[in-house]
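Q: Just dropping this structure here.
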Amino acid sequence: MTTPFTLDMFLPYRVSVLAGQLSRDYARIYRERFGLNRAEWRVVAHLSQETAVSVREIHARVDMDKSKVSRAATRLEEAGYVTKRTNATDRRLVELALTEKGHGMMAELAPLAQAFQAELLASLGAEAGGFLAGIDKLSGDRSSID
Numbered sequence: 003m004t005t006p007f008t009l010d011m012f013l014p015y016r017v018s019v020l021a022g023q024l025s026r027d028y029a030r031i032y033r034e035r036f037g038l039n040r041a042e043w044r045v046v047a048h049l050s051q052e053t054a055v056s057v058r059e060i061h062a063r064v065d066m067d068k069s070k071v072s073r074a075a076t077r078l079e080e081a082g083y084v085t086k087r088t089n090a091t092d093r094r095l096v097e098l099a100l101t102e103k104g105h106g107m108m109a110e111l112a113p114l115a116q117a118f119q120a121e122l123l124a125s126l127g128a129e130a131g132g133f134l135a136g137i138d139k140l141s142g143d144r145s146s147i148d
């Protein structure tokens, strides 16, 4: 006899719900401090790791529609957090980079993000290492699952 399907026990669903909850919890911090939405935060956080990145690259790395990345980049540019310029070698690409103001914002948000993560990991206690290892494993090559 097969076990009936239970959505609340389906791992992809549980991970998605958890990711949404954690994202909303941290979103309160960057929204209250800087008025950023989730897409803007993801763009800025990604740009803080690079010197200049194309909208296409961000789209691929942060799992957001290109249109969302473009709208977020436009709002961030209007607020003075990023600059946009055409790529010198491929004129079809728009490159984004943090401005001094954007770096300043990340200098304030990065420690808050690290504290948020430390709190989450502390709540897991001794299981934190196994949890992170599980995430790494599931984030890797999943071709054997298909």
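When we follow the numbering used here, the leftmost residue of the sequence shown carries the number 3, and every step to the right adds one. Here a beta-carbon is modelled for each residue, glycine too, at the ideal position from N, C-alpha and C.
Are V84 and L95 closer than 7 Å when you measure CB to CB?
A: In this structure, L95 does not lie closer than 7 Å to V84 by Cβ.
Q: With L98 and A75 assumed to form a contact (beta carbons below 8 Å), what rounded beta-carbon distance in angstroms separates them?
A: Confirmed, about 5 Å.
Q: Under the rule that 16 or more other beta-carbon atoms within 10 Å means buried, what is L134, buried or exposed?
A: It counts as exposed.
Q: Which residues in the same chain have their Cβ closer than 7 Å to the Cβ of V55, if we skip the five residues on either side of it in sequence?
A: Excluding positions up to five away in sequence, the list reads H48, L49, E97, L98.
Q: Please work out which residues of its chain come closer than 6 Å, Cβ to Cβ, to D10, disregarding the five sequence neighbours upstream and downstream, and give them in chain order.
A: So the list is empty, once near-sequence residues are dropped.
Q: According to DSSP, is R93 part of a helix, a strand, or is it coil?
A: R93 falls in the coil class under three-state DSSP.
Q: Out of Q23, T53, G136, state which residue places its alpha-carbon closest to the alpha-carbon of N89.
A: That would be T53, whose Cα lies nearest to the Cα of N89.
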